[in-house]
Structures are given as structure tokens and as C-alpha cells.
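K.L.:
Residue numbers (the working numbering), protein chains in the order written: chain B, 1 to 239; chain P, 240 to 531. To start, I am sharing the structure in question, which I have written as C-alpha cells.
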Amino acid sequence: MLNVENLHVAYGGIRALKGVSLRVDEGEIVTIIGANGAGKSTLLNAISGFLKPSSGSVAFKGKPLSRRPDLIVRDGVCHVPEGRLVFANLSVEGNLAMGAYLRNDKKAIAADLERVYALFPRLAERAKQSAGTLSGGEQQMLAMGRALMTDGELVLMDEPSLGLAPLLVQTVFEIIGEIHKLGKTILLVEQNAFKALAVADRAYVLEQGRIVKQGRASDIAADPAVRDSYLGAESKAGG
Amino acid sequence: MAQFLQQMVNGLSIGSVYALMAVGYSLVYSIMNFSNFAHGGVIMFGAYFGFFAMTLLKLPFVASFALAFVGTAVLAVVIERVAYKPLRERSAPFLYFIISAMGASIFLENIIIATIGPTFRTYPDVFGRTSISLGSVSIGRLDLIMFVISAVCLTGLVLFIDKTKMGRAIQASAYNMKAAALMGVNTDRVVMIVFALGGMLAGIAGVFFGMKYTVYPQIGNITTKSFVAAVFGGLGSLPGAVLGSVLLGVIETLVAGYLSSQFRDLIAFVILIGVLVFRPTGIMGKTTEDKA
Chain B
1 MLNVENLHVA YGGIRALKGV SLRVDEGEIV TIIGANGAGK STLLNAISGF LKPSSGSVAF
61 KGKPLSRRPD LIVRDGVCHV PEGRLVFANL SVEGNLAMGA YLRNDKKAIA ADLERVYALF
121 PRLAERAKQS AGTLSGGEQQ MLAMGRALMT DGELVLMDEP SLGLAPLLVQ TVFEIIGEIH
181 KLGKTILLVE QNAFKALAVA DRAYVLEQGR IVKQGRASDI AADPAVRDSY LGAESKAGG
Chain P
240 MAQFLQQMVN GLSIGSVYAL MAVGYSLVYS IMNFSNFAHG GVIMFGAYFG FFAMTLLKLP
300 FVASFALAFV GTAVLAVVIE RVAYKPLRER SAPFLYFIIS AMGASIFLEN IIIATIGPTF
360 RTYPDVFGRT SISLGSVSIG RLDLIMFVIS AVCLTGLVLF IDKTKMGRAI QASAYNMKAA
420 ALMGVNTDRV VMIVFALGGM LAGIAGVFFG MKYTVYPQIG NITTKSFVAA VFGGLGSLPG
480 AVLGSVLLGV IETLVAGYLS SQFRDLIAFV ILIGVLVFRP TGIMGKTTED KA
């Protein structure tokens, strides 16, 4: 579904991505794990059109992906950004309506809104409330719900568990599973490698702008080098 | 009492025109987070467009008025494309935008001085000097028309922002450009529309100021007042800009009426400094914070 070929991105004189290639097949959950500064967010921002690659290509469903963020949404790729970026000046409802900005089919939008509220009952309870008053976890749910409202087929998620309490982190990963069951393909970037590998089908390990390992998520999770670098304390704690 | 009412009416009229300028500042600020100092130049062009449409082209008032605000809408968009868009594309620091805005402002003023000359010009008398009496209060026709048209424009703007899809896109972009783009909003178009709207209102204000006072290359300096009003009301908030403008207009006329007109501008800047010291976000400024 998504094919990234030999992507190079540089900004401010720093070569953040040095020839990244990866693919995501329809129906998969693929995760990219790596340390802070490995280039994970850069990769998602380049796919979404916020950063211009110096070379390489991104194809979506066999065609080159558009180069402008709004056209990329139209192509069917949605992005839950790092830091959530909910519209704090709009209500929960208003945020979800913004997700459907490009859509005109009122029935389909209403049906999707139902699905989002079914997935996140908290959002339904707080529909009229200003998004700025939500807790961090609720804002993350809103950011995900809003992305679902774009009706994109591929969902890019950038560090959805960042800054959340452990109990909420668990909830977020359960929700990722639920979103997958809705028929969405997911590309997940996470620092919480242990949980990400548990939910994903396949995984890539990104180090200093390069893919250094790839394979089935369970194999990557079992890889001794990966366990040392990324799973460390957590794999011991989690068993 | 009669004198007080009279001053209030005058203040409302001038305040409503300040509001036309202040919302232009506020709109641009809310989207791009910098004060567009070229706004004064756009107002000045509006005054000249209207003036020459009536005197050279001999167009009737309504046609001249329309020509002026269409012209300034186009001018504001051109300024954005030339002076700000290249900076936006490079995600330049906001200081660069301000410097570019000052450059554009100096350019606009001097191109008029160099081509048309620095002379003061007076609009033809359209509405007559007679005034309408309402009990003890008399309202100049121009003042009444200024107030009515400004109120209609501001109401239209609020409806546009609240009720239309593009309006929602503007609100979303005002909160966060990137997040708006992630929803499929063409943020480049949002910027263009915001400049076109601000430019249009600036053109209307320019014609009114030209008619009320005279037309000259530095007439755009009057935007300093609307800038004060926008800060007073809360930069980035449209209701704030309107409220701040009306308050400023009323305070100014009261000062001019009861103290001396020489204190009028002094008061405007005392207010600005006072607001900056005691309530930097203004009356209705944005105070929402992001939650981590």
C-alpha cells in the first residue's frame, strides 16, 4: 500500500534520513522503533508532505503520493501527529468535524462519527466541551478520532503513548488494535518499543537515519541486539 | 448630558472604522503570529484608489468604493506572495516577517510619494455637510454611513468565520497550521483568503479616512491606533479587536471633547503601555495553553 524508496531528508544542514526504504501492505500494522533523534518523526513528516525529501520517492497504492499535506489527506493518508495538536479553541465535536473537512457525504460522516464515539465513549460524553480542557489521554483519543474522521485508509501515528500515564499507555495500544479492526492500515512510530512490537505485524529499526533491521515484529522483539538497545528494563519488567 | 451623548456617537463612528483596520491586523496575527505593519500601506492605497476612481475616472461613489476595496484585497494578497510567502516556505523566524512587513510598508509609502507626490488631497463632497438630528444629538451623514457600513462588514466577517467551511479552516489554522493541514486544509489558500479579507476591510477604512480627513501618503500611520486597539482588545481575537477599537474611539472623543484634542493620541499610547504592563493578553486575548 505504501512504498518508501531510498528517502533522503536534510534540514538545517543535518541529514536526518539517509536512504530509508520501507513498505506497508494493506491491512498491516507496521512499527518503526528507534531512539530519540533516530529520524522517526522526520520520516512521518516527510511522508505527510511537511518536509521535502532531497531524493527518493513515496508511492501510495501504486501511484506517487502527492507532495502537499492537504492533497496527501485527500489521497487517503492520515496522520496523528506527535503532541496530538488538537484544536484547543474548538469543541470536541468541532475537532471531529474538522477531521471530515474534505468530505461531503453527510451520511458517511455521521456513520463515522458514531464509530468514533463508540470507540471513544469519553469523547461522546465531552462532545460540547472545549478540547483544551481535556486531559492528555483524552486529547490523544481526540487526535486519533479526528484522524479517523478523514476516512484515510493508512493511519500514520507518531508516538501516541508519549507523556501518558502507564494505564493510559495500555489503553492507547488497545485502541490501536481496535482501529486496525476497523480495517485501517497502520504505520506506528513509537519509543515504547516493547508495546509497539507486541501490537505490530512487522517492524523496522531506525538508527541515525538508516534502517538497520527489519522483519516480523516477533522476530525483532526476540533479537538480542534489539532487546539490549530498545527493550532493556521494560522487557524485564514486562516479562 | 447632550454633549456626552454626542461624543459617544462620534466615538462609536470613528471606533467602528478603527475596528475595520484592527480586525485585519488580528486576522493576520491569529494565523501567522506576527504584526503585519504593511497594513497601513494597504489602507493608504485604499484611500488613493477611491480618490482617483472618483476624481480621474469620474466613477460614482459606490463604484469607486468597490474598486478601492477590490484593489486593496488584491494588493494585500500580492504583498503576502512577495514579502511573506518565501519566508513561510522556509519557516523563517517571526522577526524576519516583521522586518519584511516594515520594508513593504516603507516601499508602499514611498512609491506614492515618488509617483503621485506628497500633497494632501481632498475627496469630493459626496454626502454633504448637513447632519441628521436625533433629539439633542446630531450625527454627520458620513459618520452615520461609516458606522453602518463598518457594522455590516464586521457582522459579515463574523458570520463568514463562524458559519462557513473556509471560516472553520481559518479558525483551525489560527490554532495550529500543521494540524489544519493534517485535516486536509490548504493552508496556503487560508493565508491568501485572510490577506484578501484584511485587505478588503483596509480598503474600506482607507476610503472612510480619506473622506473624513484628507488623502496623503502617511495616512496609513493611523493604523498605529488600530494596532493599539487590537492589542487592547487582545491580539488574535476578532471580538477583542472590535471591542478594543470601539473603546479606543469612544475614549479618544471623550478626551478630545472634555480635555483637549491634543491629549487624544497621548491617551491612546498610555492605554497601550498600561495594557502591556497590566494585562499583556488584552481584554479577550488568547490564553489557552497546550496540554503536554
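Backbone N, C-alpha and C define an ideal beta-carbon position, used for all residues, glycine too.
With a threshold of 8 Å, are at least 3 pairs of Cβ atoms found where one atom belongs to the stretch 245-254 of chain P and the other to the stretch 492-507 of chain P?
P.N.:
Yes, the stretch 245-254 of chain P touches the stretch 492-507 of chain P.
K.L.:
According to DSSP, which residues form a beta bridge with residue 204(B)?
P.N.:
Answer is 32(B), 214(B), bridged to residue 204(B).
K.L.:
What residues from the stretch 70-82 of chain B come within 9 Å of chain P, judged by C-beta to C-beta, listed N to C?
P.N.:
Listed in sequence order: 70, 71, 72, 73, 74, 78, 79, 80, 81.
K.L.:
Check each residue of the stretch 97-123 of chain B: if its Cβ is closer than 8 Å to any Cβ of chain P, include it; give the result in chain order.
P.N.:
Under the 8 Å Cβ criterion, the stretch 97-123 of chain B contributes 97, 98, 99, 101, 102.
K.L.:
Which of the residues in the stretch 415-432 of chain P, read from start to end, lie with their CB under 9 Å from any CB of chain B?
P.N.:
Listed by position, the residues of the stretch 415-432 of chain P near chain B (Cβ gap below 9 Å) are 415, 417, 418, 419, 420, 421, 422, 423, 424, 425, 426, 427, 428.
K.L.:
In chain P, which residues lie with their C-beta within 9 Å of the C-beta of residue 150(B)?
P.N.:
By Cβ distance, chain P contributes 421, 422, 423.
K.L.:
Which chain P residues are close to residue 85(B), counting only those with a beta carbon under 8 Å from its beta carbon?
P.N.:
Chain P residues near residue 85(B): 415, 417, 418, 421.
K.L.:
Counting pairs of beta carbons, one from the stretch 182-190 of chain B and one from the stretch 157-173 of chain B, are three or more of them closer than 8 Å?
P.N.:
With the cut-off at 8 Å, the stretch 182-190 of chain B and the stretch 157-173 of chain B touch.
K.L.:
Please list the segments of the alpha helix (DSSP H) lying wholly inside the stretch 267-348 of chain P, counting only runs of 4 or more residues, in order along the chain.
P.N.:
For the stretch 267-348 of chain P, whole alpha helix (DSSP H) runs of length 4 or above, ordered along the chain, are 278-294, 300-318, 324-328.
K.L.:
So, at 6 Å on beta carbons, what are the nonlocal neighbours of residue 54(B) in its own chain, with the 5 sequence-adjacent residues on each side left out?
P.N.:
Within the same chain, residue 54(B) has close Cβ partners 8, 10.
K.L.:
Compare the C-alpha of residue 260(B) against each of 74(B), 116(B), 138(B), 25(B) and name the closest.
P.N.:
Nothing about residue 260(B) can be read from this structure; chain B reaches only from 1 to 239.
K.L.:
Cβ atoms of residue 202(B) and residue 216(B): under 7 Å apart, would you say?
P.N.:
In this structure, residue 202(B) lies closer than 7 Å to residue 216(B) by Cβ.
K.L.:
Under 7 Å between C-beta atoms, does residue 469(P) make it to chain B?
P.N.:
For residue 469(P), the answer is no, since every Cβ of chain B falls outside 7 Å of its Cβ.
K.L.:
Mind checking the stretch 47-72 of chain B against chain P and listing, in chain order, the residues whose C-beta falls within less than 9 Å of any C-beta there?
P.N.:
Answer set for the stretch 47-72 of chain B: 48, 49, 50, 68, 69, 70, 71, 72.
K.L.:
Confirm, please, whether the CB-CB distance from residue 2(B) to residue 50(B) is below 7 Å.
P.N.:
Not in contact: residue 50(B) and residue 2(B) (Cβ atoms no closer than 7 Å).
K.L.:
Can a CB atom of chain A be found closer than 7 Å to the CB of residue 480(P)?
P.N.:
The chain labelled as chain A is not found among the protein chains of the depicted structure, namely B and P.
K.L.:
For the beta strand (DSSP E) that residue 41(B) lies in, which residues bound it at each end?
P.N.:
No beta strand (DSSP E) holds residue 41(B); the alpha helix (DSSP H) holding it covers 40-47.
K.L.:
Taking only beta-carbon positions, decide if residue 353(P) is within less than 7 Å of chain B.
P.N.:
Chain B contact via Cβ: absent.
K.L.:
Since I believe residue 467(P) is in contact with residue 510(P) (beta carbons under 8 Å), could you give me their beta-carbon distance rounded to a whole number of angstroms?
P.N.:
Residue 510(P) to residue 467(P), Cβ: 6 Å. Contact.
K.L.:
Is the beta carbon of residue 437(P) closer than 7 Å to that of residue 310(P)?
P.N.:
Not in contact: residue 310(P) and residue 437(P) (Cβ atoms no closer than 7 Å).
K.L.:
Do the stretch 312-322 of chain P and the stretch 420-439 of chain P meet, that is, are 3 or more Cβ pairs less than 8 Å apart?
P.N.:
The stretch 312-322 of chain P, when compared against the stretch 420-439 of chain P, does touch it at the 8 Å Cβ threshold.
K.L.:
Taking all protein chains shown into account, decide if residue 144(B) is buried (16 or more other Cβ within 10 angstroms of its Cβ) or exposed.
P.N.:
It counts as buried.
K.L.:
Whole angstroms is fine: what's the gap from residue 376(P)'s alpha carbon to residue 241(P)'s?
P.N.:
Roughly 7 Å separates the two Cα atoms.
K.L.:
Grab me the residues of residue 211(B)'s own chain with a C-beta within less than 8 Å of its C-beta, minus the 5 sequence neighbours each way, in chain order.
P.N.:
Only 20, 21, 22, 204, 205 meet the Cβ criterion.
K.L.:
Nearest to residue 405(P) by CA position, among 320(P), 425(P), 373(P), 388(P), is which residue?
P.N.:
Looking at the Cα atoms, 425(P) is the closest of the given residues.
K.L.:
Ordered along the chain, which non-local residues of its own chain (more than five positions away) have a Cβ less than 7 Å from that of residue 95(B)?
P.N.:
Answer for residue 95(B): 86, 87, 131, 142, 146, listed in chain order.
K.L.:
Would you verify that the beta carbon of residue 411(P) is, or is not, closer than 7 Å to some beta carbon of chain B?
P.N.:
By this cut-off, residue 411(P) is an interface position.
K.L.:
Considering just the uninterrupted stretch of the alpha helix (DSSP H) at residue 95(B), what are its terminal residues?
P.N.:
Start and end: 92-99.
K.L.:
Run the CB neighbour count on residue 42(B), radius 10 Å, all protein chains shown included, and call it buried at 16 or more, exposed below.
P.N.:
So residue 42(B) ends up on the buried side.
K.L.:
Taking beta-carbon pairs under 8 Å, can you tell me which members of the stretch 383-409 of chain P lie near chain B?
P.N.:
Cβ contacts with chain B: 404, 407, 408.
K.L.:
Are the Cβ atoms of residue 473(P) and residue 521(P) separated by less than 7 Å?
P.N.:
Yes. Within cutoff.
K.L.:
Please report the Cβ distance between residue 274(P) and residue 338(P), rounded to the nearest whole angstrom; I am assuming they are in contact, meaning their Cβ atoms lie under 8 Å.
P.N.:
Going by Cβ atoms, the distance from residue 274(P) to residue 338(P) rounds to 12 Å, so no, they are not a contact pair.
K.L.:
If distances are taken between C-alpha atoms only, which option among 500(P), 453(P), 507(P) comes closest to residue 469(P)?
P.N.:
Residue 469(P) has its Cα closest to that of 507(P), out of 500(P), 453(P), 507(P).
K.L.:
Rounded to the nearest angstrom, what separates residue 290(P) and residue 488(P) at their Cα positions?
P.N.:
Going by the C-alpha atoms only, they are around 25 Å apart.
K.L.:
Can you give me the C-alpha to C-alpha distance between residue 530(P) and residue 83(B), rounded to a whole angstrom?
P.N.:
In this predicted model, residue 530(P) has a pLDDT of only 33, less than 50, meaning its place in the structure is not dependable; the value taken from the coordinates is given anyway. Cα-Cα distance, rounded: 9 Å.
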